[in-house]
Amino acid sequence: MTDTLHTPNNDAPTTYVPPGDRPEGHEFWERSPYDAADYGPVSDFATDFDHGSAAYNAKAPEVWKELRESGCPVAHSERYGGMWVPLTHDTVHDVAYDTENFTSRAVVVSTTRPGDLALPAPIGGAPPITSDPPFHNVARRILLPPFAPKQIEPWEDEIRALCHKLLDEMGEIVPGETVIDAAVQYAQNIPVNVIGRMLGFPAEDEDLFREFVHTTLERINDEPEARAAAFERLDNYILGQVQDHIDNPRDDLTGYLLEVEIEGNKLAPEHVSGSILLLLVAGIDTTWSAIGSAIWHLAQHPDDRQRLADDPEVMTFALEEFLRAYAPVTMARMVAKDVDFHGCPMKQDDWVLLPFPAANRDPHMFEDPDTFIIDREQNRHSAFGLGIHRCLGSNLARLELKVAIEEFVARFPHFELAGDVRWSVGQVRGPRVMPIRILETA
Amino acid sequence: MTHCSKKFPAALFIGSEGLYSPRMRVHLDAEKCQGHNRCYALAPEIFDVDDYGQAVLLIEDDVPSDLEDKARLAASNCPEYAITITD
């Protein structure tokens, strides 16, 4: 494999400076010129967009629709130090494909962003998601093989067994009475278990993984100091696991990252830990959200539950329609240099949100986009992104989503919402608390 | 294109090797493919994937008529527009 890799661009070396060795006045993370306390509730999403407002994810599809219909293809906000939000398929596509004007060095829009001592592009803090070309391709080709379809397919039986176990653990179900939390008791446990096993991390640390995901992706309005402390805790955990793999070598993804070579050289330590950071954080609440949203939809659409039961073959199309209509992931970029983008005067270091879920509901791209059509045949959705950063874990995510839905509806043919749903905060959209009343058991 | 071959008798088309009826061909732009694997899922008879999850076209010649619908389905679901069809 290594002979097909390109050499990293040696003209732009990346130097990792450990926290203790960083000179005064230079920061690994710098604060966005932003204080969450200065801003109240969002008054107008066109000019004051905030994906970190508690109300956003519950009503996001309505927000996108209203903005598009009011003739706003790109929203703006002063929050987070300046942020743009393309809302049509075309504008999202154009940012995703433009790696000259938009850099991936930071992909979570928050109160903090990479400072002048942060790992700069091309590597970035979590390669390859935070890498730009040409290094991006090197880092990506290392991780593509373990996540290729034929490597992922053999996980199906284990994922199915895990779903059975979670359903069994719900205990005695009295149809019409028992209320379960499908987000907490089911969806959130599936991807965390699988990625933990792939990385070779202790199963008892699953709560910790969820905490890491929560602090990095949901607590985006925390003070920079609090965010830095959370990242340090996560880094230290990963370094501990890497050391354990060095001391006790084993055949898992962490072991693979420690052994794989680029043209005869092992990966730099920060590359190993950065890629683990990516796999751990990106592989958990994303799929958890997709599973939760699918169950949320099915709880309200008995006709779709019935169709899945009567016509299992429809899953091929249903799976992609769940991904289109309830795409969980909004990515982000930073503006690399001043650019006029579709008439918007974007300035270097402005944030750009990349809401693929909004692109998936653009009426110019999809007929009747706000309707879930279980057998939609033409579906060029971008739930896994567009261009060179297509989600590395898409084959695993798709398999987990498919199996999780199949097993849930096989066990519980009919169910309904039984109370208020609490949605996530931030760039990953999905139910975090979702009471479901079971109406029928198999 | 199927509606062409229905519209005109096959014998109207005379190629270098004699009479033929025009058939569908699939083209895959490997530069555009980002490994979404939609084509492999929808039409595994026509597309495989390599060790990196990138699409590989299995049928470079005319697509058998019973696979034409699957080829169209794969083309119309590629998020990167990497698949085109000529009839």
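Quick note, the sequences are listed as chains S and X, same order. First residue of the first sequence: 161, per the numbering used here; consecutive thereafter. First residue of the second sequence: -14, per the numbering used here; consecutive thereafter. Heads up, the beta-carbon is just placed ideally off N, CA and C, and yes, glycines get one too.
Through-space distance from residue j to residue i, alpha-carbon basis
i: S/D530; j: S/L327; result: 31 Å
i: X/Y25; j: X/K55; result: 11 Å
i: S/A206; j: S/A235; result: 5 Å
i: S/P293; j: S/K426; result: 20 Å
i: S/C232; j: S/C504; result: 11 Å
i: S/P221; j: S/V588; result: 14 Å
i: S/A390; j: S/H374; result: 10 Å
i: S/L552; j: X/A60; result: 22 Å
i: S/A630; j: S/W224; result: Given a span of 161 to 602 for chain S in the structure shown, any question on residue 630 of chain S remains unanswerable.
i: S/S264; j: S/G284; result: 8 Å
i: S/A557; j: S/G443; result: 8 Å
i: S/D498; j: S/M506; result: 6 Å
i: S/M491; j: S/A578; result: 32 Å
i: S/P287; j: S/Y416; result: 15 Å
i: S/D208; j: S/I398; result: 36 Å
i: X/S50; j: X/D72; result: 11 Å
i: S/V489; j: S/S584; result: 11 Å
i: S/F372; j: S/E190; result: 20 Å
i: S/A607; j: S/G331; result: Residue 607 of chain S falls outside the range modelled here, since chain S spans only 161 to 602, and no answer is possible.
i: S/K310; j: S/L304; result: 11 Å
i: S/H431; j: X/D36; result: 22 Å
i: S/H153; j: S/V202; result: No answer is possible for residue 153 of chain S: it lies beyond the span of chain S, which begins at 161 and ends at 602.
i: S/H324; j: S/D317; result: 11 Å
i: X/P7; j: S/L546; result: 34 Å
i: S/I312; j: S/L559; result: 8 Å
i: S/I596; j: S/R484; result: 23 Å
i: S/T248; j: S/A215; result: 21 Å
i: S/G200; j: S/R239; result: 11 Å
i: X/L52; j: X/V11; result: 11 Å
i: S/M525; j: S/T251; result: 12 Å
Cβ neighbour criterion (16 or more within 10 Å) applied to residue i
i: S/E480; result: buried
i: S/V269; result: buried
i: S/R410; result: exposed
i: S/H253; result: buried
i: S/D470; result: exposed
i: S/I340; result: buried
i: S/P274; result: buried
i: X/V41; result: exposed
i: S/T272; result: buried
i: S/P351; result: buried
i: X/I68; result: buried
i: S/D509; result: buried
i: X/N22; result: buried
i: S/P515; result: buried
i: S/S449; result: buried
i: S/G336; result: exposed
i: S/A299; result: buried
i: S/Q538; result: exposed
i: S/Y257; result: exposed
i: S/K562; result: buried
i: S/E527; result: exposed
i: S/V569; result: buried
i: S/V245; result: buried
i: S/I406; result: exposed
Cβ distance (whole Å) where residue i is taken to contact residue j below 8 Å
i: S/P573; j: S/V581; result: S/P573 to S/V581, Cβ: 21 Å. No contact.
i: S/I534; j: S/F477; result: 7 Å
i: S/N353; j: S/E366; result: 7 Å
i: S/S433; j: S/D395; result: 7 Å
i: S/V196; j: S/M494; result: Val is not the amino acid found at residue 196 of chain S; the sequence shown has Ala there. Rounded, the Cβ-Cβ distance is 19 Å, inconsistent with contact.
Identified DSSP bridge partners for residue i
i: S/K426; result: S/E421
i: S/S542; result: According to DSSP, which records beta bridges pairwise, S/S542 is partnered with nothing at all.
i: S/S158; result: Look at the range of chain S in this structure, 161 to 602, and you will see that residue 158 of chain S is not part of it.
i: S/M506; result: S/V499
i: S/I596; result: S/I340, S/L577
i: S/R301; result: DSSP lists no partner for S/R301.
i: S/V588; result: S/V489
i: X/D33; result: X/V41
i: S/P515; result: S/T490
i: S/W315; result: DSSP, once it has assigned bridges, lists no residue as partnering S/W315.
i: X/I79; result: Summary: the structure shown does not reach residue 79 of chain X, with chain X confined to residues -14 through 72, and so no result is reported for it.
i: S/W583; result: S/P591
i: S/T263; result: S/M494
Requested in this report: Quick one: which residues of the segment 13 to 42 of chain X get their C-beta closer than 9 Å to a C-beta of chain S? List them in chain order.
Outcome: Residues passing the 9 Å Cβ filter: Q19, G20, H21, N22, R23, Y25, A26, L27, V34, D35, D36, Y37, G38, Q39.
Requested in this report: With 9 Å as the C-beta to C-beta threshold (strictly closer), list the residues of the segment 50 to 69 of chain X near chain S in chain order.
Outcome: Within the segment 50 to 69 of chain X, those residues whose Cβ lies closer than 9 Å to any Cβ of chain S are, in chain order, L58, S61, N62, C63, P64, E65, Y66.
Report task. For the segment 300 to 334 of chain S, enumerate the residues whose C-beta is nearer than 8 Å to any C-beta of chain X, in chain order. Result -> The residues in question are R301, L304, P305, F307, A308, P309, K310.
Query raised in the report: If you measure beta-carbon to beta-carbon, which residues of the segment 430 to 448 of chain S are closer than 8 Å to chain X?
Result: Those residues of the segment 430 to 448 of chain S that come within reach of chain X (Cβ to Cβ, closer than 8 Å) do not exist; the list is empty.
Requested in this report: Taking only beta carbons into account, state which residues of the segment 520 to 546 of chain S come closer than 7 Å to chain X, listed in chain order.
Outcome: Cβ proximity to chain X below 7 Å picks out E537, Q538, N539, R540, H541, S542, F544, L546 from the segment 520 to 546 of chain S.
Query raised in the report: Using a beta-carbon distance cut-off of less than 8 Å, what residues from the segment 470 to 484 of chain S approach chain X?
Result: Using a CB distance below 8 Å, the part of the segment 470 to 484 of chain S facing chain X consists of T476, E480, ordered along the chain.
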